[in-house]
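Mapping the sequence shown onto our numbering, position 205 (from 1) lands on 205, and the numbers just tick up by one.
For every residue, glycine included, the Cβ atom is placed at its ideal position computed from N, Cα and C.
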Amino acid sequence: MIATMLVVLLSVSDALNYGQPSAALWEDQLFVAITRWQRTGPALVYRGKFTPTSSRVRGPLEHDNPSRGLRDSTQAKLDLRDDRLLLRSAFDRYCIYPLDQVWRLEHSAFGVGRFGGLGPYSEFTFGYSATYETLLWPDHRELDVPLSETDRDDGDRPSARTYWAHARYDVQIAGEKSVWLFHAYKDKLFVSVEPDYLNDWYWDGEAMKPKKDRPKPRSGNCGGGNCRRISRRSSRRTRPNSAVTSSPPAARFTW
């Protein structure tokens, strides 16, 4: 039924190629994310009332999807749990918004129009955003994949360019200020709970560097987010720039 709703909802314009959308239900609300396409294409989130007995979603509201990157991507993703909405794309960044703030993303005078301009709106979305670079290259622990720190590969240590060309990763909401990180490189899969690194609590905009004495993320699974990382060689093939999309495990383990 949800697949049918997706087809109907995304048929608002046959002229655009939406790539691979992503959807989730909250109560009677169906959220659908699409990604930016061929530079001029949109990166949007639609929300509409889902009725199982109906053949369509009536009057879906269009919202901005701030997780869009500078490069084109064919895949949009979202995660919805604990009254938080996570939006992500295959490149650049992800965003986590409390549900009571999602209305501010609406493409209308009621939502985005209230900011009065791009500057105030960008400042709002910046606080709820984080980059994959910060998540995958953290400053509080060793990297899952140590880099050569030069523009050339050095044995098992790839250059940054090689790493970004082959790394696969995904995030899902874990707890307050924390995310599950699924990170694969070559034949290794790493699974851990990490800080979500949202800019509002992590980044010092004036000093242009991470804040000092920043709060520790809370997680029921990892007691403050300081999880022991788990990695193991895996024969499971994953698609470039994407990883596991199933629900996160209740405890730390590797598959």
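| query | result |
| --- | --- |
| Validate contact between the stretch 105–120 and the stretch 158–171 using beta carbons, cut 8 Å, 3 pairs | no |
| Asp-144 versus Leu-78 - alpha carbon distance | 24 Å |
| Alpha-carbon spacing of Leu-189 relative to Leu-181, whole angstroms | 10 Å |
| Chain-order list of residues whose beta-carbon lies under 6 Å from that of Phe-115 (same chain, five-residue window excluded) | Tyr-121 |
| Cα-Cα separation, Tyr-46 to His-183 | 28 Å |
| The stretch 141–161 / the stretch 196–208 touching (three or more Cβ pairs under 8 Å) | no |
| Where Arg-58 falls: helix, strand or coil (DSSP) | coil |
| Euclidean distance between Cα positions of Phe-50 and Ile-96 | 23 Å |
| Start and end residues, alpha helix (DSSP H) containing His-166 | 160–166 |
| Nearest to Asp-100 (by Cα), restricted to the options Trp-26, Arg-214, Ala-33 | Trp-26 |
| Range covered by the beta strand (DSSP E) that runs through Gly-278 | In the structure displayed, the chain extends from 1 to 255; residue 278 sits before or after that span and is not available. |
| Where Leu-181 sits in the DSSP three-state scheme | strand |
| First and last residue of the uninterrupted alpha helix (DSSP H) at Ser-22 | Not the alpha helix (DSSP H): Ser-22 falls in the beta strand (DSSP E), residues 22–26. |
| Cβ distance (whole Å) where Pro-210 is taken to contact Asp-139 below 8 Å | 7 Å |
| Rounded C-alpha distance that separates Ala-160 from Glu-149 | 7 Å |
| Cut-off 8 Å between Cβ atoms - residues of its own chain near Ser-129, not counting five sequence neighbours on either side | Pro-66, Ser-67, Arg-93, Tyr-94, Cys-95, Leu-198, Asn-199 |
| Neighbourhood of Thr-131 by C-beta, 6 Å cutoff - its chain only, sequence neighbours within 5 removed | Arg-93 |
| Test item: CB-CB of Val-193 and Ser-178 under 9 Å | yes |
| CB-CB length for Val-112 against Asp-64, believed under 8 Å | 6 Å |
| DSSP three-state assignment for Phe-110, whether helix, strand or coil | coil |
| Unbroken alpha helix (DSSP H) run spanning Leu-136, endpoints | 132–136 |
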